[in-house]
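A.B. asks: In this note's numbering, the protein residues as written are 356 to 514.
We put the beta carbon where it would ideally sit given N, CA and C, even for glycine.
#1: Among 416, 384, 395, whose alpha-carbon lies nearest the alpha-carbon of residue 434?
#2: Checking the sheet assignment: what are the DSSP bridge partners for residue 424?
#3: With a Cβ-Cβ cutoff of 8 angstroms, do residue 408 and residue 460 count as a contact?
#4: Which two residues bound the contiguous alpha helix (DSSP H) that contains residue 406?
#5: At the level of alpha carbons, what is the spacing between residue 411 and residue 360?
#6: Helix, strand or coil for residue 394? Go by DSSP, reduced to three states.
#7: Would you mind stating whether residue 457 and residue 507 have Cβ atoms separated by less than 8 angstroms?
#8: From this set, 511, 509, 504, 512, which residue's C-alpha is nearest residue 369's C-alpha?
#9: Looking at the unbroken beta strand (DSSP E) that takes in residue 484, where does it start and where does it end?
#10: Looking only at its chain, what residues have a beta carbon closer than 8 angstroms to the beta carbon of residue 494, apart from the 5 residues adjacent to it on each side?
#11: Count Cβ pairs between the region 368-388 and the region 398-405 that sit closer than 8 angstroms; are there 3 or more?
#12: So, with DSSP's three-state summary, where would you put residue 382?
#13: Closest to residue 496 by CA distance: which of 479, 511, 512, 372 is it?
#14: Label residue 405 either buried or exposed according to how many other C-beta atoms from any shown protein chain fall within 10 Å of its C-beta, with 16 as the threshold for buried.
#15: If you follow the beta strand (DSSP E) that residue 359 is part of, which residue opens it and which one closes it?
#16: How many Å lie between residue 511 and residue 357 at the Cα?
#17: Would you mind sorting residue 426 into buried or exposed? The rule is 16 or more other CB atoms within 10 Å of its CB.
Structure representation (structure tokens):
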């Protein structure tokens with residue numbers, strides 16, 4: 356069963372809702388280079404997403420609840436459909452054969468305002484979104500691409 360404290364050890368971001376395709380493990384501060392080697396060759400700084408996330412951990416309890424360091428006062432619940440597959444409010448937790456846990460959470464592409472505060476749900480394509488937005492022909496909609504985060508969690512020492 357899923358229990359114990361796990362530390363985030365790697366983060367991979369995808370430009371798909373289901374974490375498929377080529378993932379990115381960080382970003383280059385030059386805003387151009389797509390991988391760590393190219394970034395270093397360009398003399399720029401590579402920031403791994405796991406470094407940006409910082410010291411993050413999650414604690415799973417036998418009673419089906421869990422807490423994480425980002426929101427320590429929030430108690431979340433999870434359910435398991437098997438010994439290796441659990442889920443909680445849009446997040447899937449997979450227990451891997453090496454004892455690590457992989458969490459995945461995806462977001463569909465959507466249309467909103469420039470501050471990402473007001474959703475324009477009636478526009479479902481980038482073209483319609485950007486041409487309209489707050490009103491027909493307003494041209495103030497911003498298209499936010501689908502994304503997915505996959506985090507590998509490793510059991511904390513002594514947990």
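C.D. replies: Judging by the given coordinates:
#1: For the purposes of this step, residue 434 is identified with residue 79 of the chain shown, where counting begins at 1. That would be 416, whose Cα lies nearest to the Cα of residue 434.
#2: Looking up residue 424 in the chain shown gives position 69. Beta-bridge pairing links residue 424 to no other residue.
#3: Here the question's residue 408 lines up with position 53 in the chain shown. Here the question's residue 460 lines up with position 105 in the chain shown. Against a cut-off of 8 angstroms, the Cβ pair of residue 460 and residue 408 comes out as no contact.
#4: The count along the chain shown starts at 1 and reaches residue 406 at position 51. Run containing residue 406: 404-408, per the alpha helix (DSSP H) assignment.
#5: As a working note, residue 411 is residue 56 in the chain shown. As a working note, residue 360 is residue 5 in the chain shown. Those two C-alpha atoms are separated by around 11 angstroms.
#6: By one-based count along the chain shown, residue 394 stands at place 39. Reduced to three states, the DSSP call for residue 394 is helix.
#7: Taking the first residue of the chain shown as position 1, residue 457 is located at position 102. Taking the first residue of the chain shown as position 1, residue 507 is located at position 152. Their beta carbons are under 8 angstroms apart, which means residue 457 touches residue 507 by this criterion.
#8: Numbered from its first residue, the chain shown carries residue 369 at position 14. Of the listed residues, the one whose Cα sits closest to residue 369 is 504.
#9: As a first step, residue 484 must be located in the chain shown, where it is residue number 129. Where residue 484 is concerned, there is no enclosing beta strand (DSSP E), although the alpha helix (DSSP H) it sits in stretches over 481-486.
#10: For the purposes of this step, residue 494 is identified with residue 139 of the chain shown, where counting begins at 1. Counting only Cβ-Cβ distances below 8 angstroms, and skipping sequence neighbours, we find 485, 486, 487, 488.
#11: yes
#12: Position 27 of the chain shown holds residue 382. Reduced to three states, the DSSP call for residue 382 is strand.
#13: Indexing the chain shown from 1 puts residue 496 at position 141. Of the candidates 479, 511, 512, 372, the one whose C-alpha sits nearest the C-alpha of residue 496 is 479.
#14: In the chain shown, residue 405 corresponds to position 50, counting from 1. It is buried - the Cβ of residue 405 has at least 16 other Cβ atoms within 10 Å.
#15: In the chain shown, the residue the question calls residue 359 occupies position 4. Looking at the DSSP string, the run of the beta strand (DSSP E) that includes residue 359 is 359-369.
#16: Within the chain shown, numbered from 1, the residue matching residue 511 stands at position 156. Within the chain shown, numbered from 1, the residue matching residue 357 stands at position 2. Near 13 angstroms, if we compare the C-alpha coordinates of residue 357 and residue 511.
#17: In the chain shown, the residue the question calls residue 426 occupies position 71. Its Cβ having fewer than 16 others within 10 Å, residue 426 is exposed.
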